[in-house]
Amino acid sequence: MPLQELADKWVREAYALERQAEAKHADWTVIERRLMDMRARTIRVCAQELRDEAGKVRRG
124 MPLQELADKW
134 VREAYALERQ
144 AEAKHADWTV
154 IERRLMDMRA
164 RTIRVCAQEL
174 RDEAGKVRRG
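Here my numbering runs 123 ahead of the position in the sequence shown, where the first position is 1.
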């Protein structure tokens, strides 16, 4: 799987996690929501790093 496709997949996963955290906020503890939000942010950072790396490969 090319880096850009993997990055896009991770962004979709992060978005889904954020939506899931919002939808279940009444059932979950604050800690569970924060952990899910942190995971989504981490995935977004990794996805951006993949995009940056893919850009270097294309240019380099």
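Every residue, glycine too, gets a C-beta built ideally from N, C-alpha and C.
Here the structure is a predicted model, which is why all the values come from computation and not from measurement.
Report task. Measure the beta-carbon distance from leucine 187 to glutamate 176 and round it to whole angstroms, keeping in mind my assumption that it falls under 8 Å. Result -> Any property of residue 187 remains undetermined from this structure, which presents the chain solely from 124 to 183.
**Report entry** Residue from Asp131, Val134, Thr165, Asp160 whose Cα sits closest to the Cα of glutamate 145
**Finding:** As a working mapping, residue 145 is identified with position 22 in the sequence shown. It is Asp160 whose Cα lies nearest to the Cα of glutamate 145.
Requested in this report: Following the continuous alpha helix (DSSP H) through threonine 165, name the residue where it begins and the one where it ends.
Outcome: Taking the sequence shown and counting its residues from 1, one reaches residue 165 at position 42. Where threonine 165 is concerned, the enclosing alpha helix (DSSP H) stretches over 153-182.
**Report entry** isoleucine 166 classed as buried or exposed, judged by whether at least 16 other C-beta atoms fall within 10 angstroms
**Finding:** The count along the sequence shown starts at 1 and reaches residue 166 at position 43. So isoleucine 166 counts as buried.
Query raised in the report: When you compare only the Cα positions, how much space is there between aspartate 131 and arginine 142?
Result: The residue you call residue 131 lines up with position 8 of the sequence shown. The residue you call residue 142 lines up with position 19 of the sequence shown. Spanning the two alpha carbons is a distance of roughly 17 Å.
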